[in-house]
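Worksheet: the structure to be examined is printed underneath.
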Amino acid sequence: MGQPVSDISVIDELHLMKNYYQTNVTKNYAFRKEQLNQLKSSILNHEEELYECLYADLKKNKEESWVTEIGFVVAEINAGLKNLYKWMKPKKTSTNLINLPSKSFVLPEPLGVVLIIGPWNYPLQLLFTPLVGAIAAGNCVVLKPSEFAPATSSVMKKIIAEVFSKEYILYVEGEGADVIPRMMNNFIFDHVFYTGSTATGKIIYKMAAENLVPVTLELGGKSPCIVESDANISVAAKRIAMTKFSNAGQMCVAPDYLLVHSKIKERFIETLTSTIEKFFTKDVLNNNEYAKIINEKQFGRLLKYLGQGKIIYGGKYNKEKLFIEPTVIENVSMNDDIMHEEIFGPILPVISFNSDEEAKKVIEQNPNPLALYVYTSSKQKEKYWLTNIAFGGGCINNSSWHLTNHYLPFGGRGFSGSGKYHGKYSFETFSHFKAIMKTPTWFDPALRYPPLKGKLKIFKQIIR
Ligand code: NAD
Numbered sequence: 029m030g031q032p033v034s035d036i037s038v039i040d041e042l043h044l045m046k047n048y049y050q051t052n053v054t055k056n057y058a059f060r061k062e063q064l065n066q067l068k069s070s071i072l073n074h075e076e077e078l079y080e081c082l083y084a085d086l087k088k089n090k091e092e093s094w095v096t097e098i099g100f101v102v103a104e105i106n107a108g109l110k111n112l113y114k115w116m117k118p119k120k121t122s123t124n125l126i127n128l129p130s131k132s133f134v135l136p137e138p139l140g141v142v143l144i145i146g147p148w149n150y151p152l153q154l155l156f157t158p159l160v161g162a163i164a165a166g167n168c169v170v171l172k173p174s175e176f177a178p179a180t181s182s183v184m185k186k187i188i189a190e191v192f193s194k195e196y197i198l199y200v201e202g203e204g205a206d207v208i209p210r211m212m213n214n215f216i217f218d219h220v221f222y223t224g225s226t227a228t229g230k231i232i233y234k235m236a237a238e239n240l241v242p243v244t245l246e247l248g249g250k251s252p253c254i255v256e257s258d259a260n261i262s263v264a265a266k267r268i269a270m271t272k273f274s275n276a277g278q279m280c281v282a283p284d285y286l287l288v289h290s291k292i293k294e295r296f297i298e299t300l301t302s303t304i305e306k307f308f309t310k311d312v313l314n315n316n317e318y319a320k321i322i323n324e325k326q327f328g329r330l331l332k333y334l335g336q337g338k339i340i341y342g343g344k345y346n347k348e349k350l351f352i353e354p355t356v357i358e359n360v361s362m363n364d365d366i367m368h369e370e371i372f373g374p375i376l377p378v379i380s381f382n383s384d385e386e387a388k389k390v391i392e393q394n395p396n397p398l399a400l401y402v403y404t405s406s407k408q409k410e411k412y413w414l415t416n417i418a419f420g421g422g423c424i425n426n427s428s429w430h431l432t433n434h435y436l437p438f439g440g441r442g443f444s445g446s447g448k449y450h451g452k453y454s455f456e457t458f459s460h461f462k463a464i465m466k467t468p469t470w471f472d473p474a475l476r477y478p479p480l481k482g483k484l485k486i487f488k489q490i491i492r
């Protein structure tokens with residue numbers, strides 16, 4: 029389709045989108061399917077460019093870029109293509125006694141014009157995965173990428189402009205603090221889907237509340253990772269090292285800190301540090317499989333954590349290359365920033381515990397983590413952690429990979445967010461489910477109509 033050059037303001041463009049949505053074109057099954065196919069082809073046509081730009085922004089290698097960005101979105105599109113017909117179909121439900129012989133069904137319908145706001149750490153995945161759900165559900169979409177991954181953003185802009193008209197999918201770049209309030213304060217979106225920090229999430233939530241716009245908030249937090257005394261140490265060390273230091277720890281579901289049972293702490297740390305070295309080599313700075321910190325602001329924020337507690341592995345950094353070595357720290361104080369702020373970098377505090385109660389107290393300092401991980405071979409321990417902490421989602425004997433299974437709903441709770449997405453949950457997030465009852469006219473008992481006096485007994489029999 030291509031996007032014509034125009035100098036109209038973004039607000040005018042949003043109104044054009046609303047008009048376009050009202051033509052009902054986007055509600056059609058064949059249309060939605062076609063757009064998902066177009067999006068997939070456009071992404072794949074720009075695959076090499078995306079690799080280059082993800083490398084430029086974050087020093088992500090090709091393999092990681094496929095697993096966590098390009099392939100991730102392609103898999104989401106394929107799941108959408110496979111299931112769209114089923115998701116879109118009206119769903120019959122049962123009807124209760126008082127309403128018989130009516131029939132009831134639920135009709136999924138699109139929300140309208142929705143805004144999707146993305147962060148910089150997985151710039152493609154976190155903007156385009158919700159986009160897939162929004163397209164599948166039949167919406168018009170405004171995409172606002174993070175300004176901090178500019179190379180990837182320029183390719184995403186091209187991907188969108190090459191296949192979609194601006195009335196359908198509008199790509200809006202710019203500083204979030206400027207362009208987002210401008211849009212949200214001058215146009216009533218039908219939904220806002222935001223991924224980013226908890227602090228900005230509160231700003232978005234307030235702006236949306238002004239017009240009662242529903243929101244999905246995918247936020248951050250401090251995700252604990254518990255290693256119990258009966259854990260398989262070498263497997264735990266591999267799975268933790270892999271996800272904590274992938275993308276240099278700039279991952280919302282990375283284990284933020286470790287709680288390791290004191291019985292195995294020494295053995296575990298030894299295994300963990302040797303695993304880190306095996307995975308990322310001694311010369312991490314020159315290792316192409318290890319990402320960089322996104323920018324100087326984040327680099328500066330992370331450096332302050334290196335002075336909190338005792339570094340037992342790593343700790344080297346290079347400002348020019350925005351590099352921080354995988355680092356393990358112990359003896360952190362619960363009052364230090366490192367134990368109150370989301371780390372979002374390659375620094376891993378290790379805290380030992382003797383009882384579950386003791387570990388639980390540490391976790392409760394930062395309520396509602398986005399994820400929780402527990403390494404154990406005991407069903408009882410597993411149950412304890414799954415039922416005693418309120419968190420978004422998580423893994424047993426694994427870290428972060430729950431996010432890659434699109435059959436699972438992904439999202440936080442409370443401080444780590446509200447709402448869920450991925451696979452059919454994205455479709456649901458971007459749909460309204462109209463509840464409809466269809467009542468025949470041939471049966472019209474007087475029971476339901478006034479006067480009601482004397483009908484209490486029969487009501488009590490029917491409604492209970
Ligand atoms: P951020 O809050 O700085 O930015 C996110 C988006 O909000 C960007 O598009 C930005 O332009 C916009 N923005 C920034 N300030 C704004 C303002 N004042 N008003 C309106 N919009 C504004 O977040 P980030 O630094 O890009 O991302 C890192 C955070 O995101 C971490 O906390 C991380 O845990 C979280 N995150 C969560 C998930 C998840 O799925 N739950 C995924 C990735 C990242």
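So for the sequence shown, our numbering puts the first residue at 29; every next one is plus one.
Positions of the beta carbon are idealized from the N, C-alpha and C atoms, including for glycine.
All of these numbers come straight from a predicted model, not from anything done at the bench.
Inset, instruction - To the nearest angstrom, report how far apart A269 and G440 are at their CA atoms. - result: 23 angstroms
Legend entry - Cα-Cα separation between F327 and L350, rounded to whole angstroms: 6 angstroms
Legend entry - Neighbourhood of S290 by C-beta distance below 7 angstroms, restricted to the same chain and skipping five residues each side: S380, F381 and N382
Inset, instruction - Identify the continuous alpha helix (DSSP H) that holds P25 and give its terminal residues. - result: The structure shown does not extend to residue 25, since the chain is modelled only from 29 through 492, so no value can be given for it.
Legend entry - Assigned exposure category for M465 - 16 Cβ within 10 Å defines buried: exposed
Inset, instruction - Return the CA-CA distance between V134 and Y199, expressed in angstroms with no decimal places. - result: 32 angstroms
Legend entry - Other residues of its chain near I357: CB distance less than 6 angstroms, five sequence neighbours each side excluded: G337, I339 and P377
Legend entry - Sheet register partners of P136 (DSSP bridge): F461
Inset, instruction - Check I216 in the structure and name its three-state DSSP category. - result: coil
Inset, instruction - Let me know if R476 comes out buried or exposed under the rule of 16 or more other beta-carbons within 10 Å of its beta-carbon. - result: exposed
Legend entry - Segments of 3+ residues assigned as beta strand (DSSP E) that fall wholly inside the stretch 322 to 364: 338 to 341 and 355 to 358
Legend entry - Three-state secondary structure (DSSP) of H43: helix
Legend entry - Best match in L484, G202 and F471 for proximity to L128 [C-alpha to C-alpha]: F471
Legend entry - Where the beta strand (DSSP E) containing K230 begins and where it ends: Taken as a continuous stretch (DSSP letters only), K230 belongs to no beta strand (DSSP E), being part of the alpha helix (DSSP H) at T226 to E238.
Inset, instruction - Kindly indicate which three-state DSSP category E76 falls into: helix, strand or coil? - result: helix
Inset, instruction - Tell me whether the beta-carbon of I375 lies closer than 8 angstroms to the beta-carbon of L400. - result: no
Legend entry - Inter-residue Cα distance where the pair is N167 and K46: 10 angstroms
Inset, instruction - Compute the Euclidean distance between the alpha carbons of K514 and V360, then round it to the nearest angstrom. - result: Past the boundaries of the shown model lies residue 514; the chain is included only from 29 to 492, so the question cannot be answered.
Inset, instruction - Measure the alpha-carbon distance for V33 versus L44 and round it to whole angstroms. - result: In this predicted model, V33 has a pLDDT of only 45, less than 50, meaning its place in the structure is not dependable; the value taken from the coordinates is given anyway. Approximately 15 angstroms, taken between the alpha carbons.
Inset, instruction - Look at the alpha carbon of I105 and the alpha carbon of K230, and state the distance between them as a whole number of angstroms. - result: 30 angstroms
Legend entry - Assumed close pair V160, V207 - CB separation to whole angstroms, cut-off 8 angstroms: Incorrect: roughly 23 angstroms between the Cβ atoms, too far for contact.
Legend entry - Among A276, K485 and P437, the one whose alpha carbon lies nearest that of K88: A276
Legend entry - Same chain, Cβ closer than 6 angstroms to D218, neighbours up to 5 away in sequence not counted: L139, G140, V141 and V142
Inset, instruction - Could you pull the start and end residues of the alpha helix (DSSP H) that G99 belongs to? - result: G99 to M116
Legend entry - P178, DSSP secondary structure in three states: helix
Inset, instruction - Please go through the same chain and pick out, in chain order, the residues whose beta-carbon is closer than 8 angstroms to the beta-carbon of Y449, but skip the five residues on each side of it. - result: T157, P158, G161, F221, T244, E246, P437, F438, G439 and T457
Inset, instruction - Can you say whether D493 is buried or exposed, counting buried as having 16 or more other CB atoms within 10 angstroms of its CB? - result: This structure does not reach residue 493, given that the chain is present from 29 up to 492, and the question cannot be answered.
Inset, instruction - Can you grab the Cα-Cα spacing for the pair V53 / V169, in whole Å? - result: 14 angstroms
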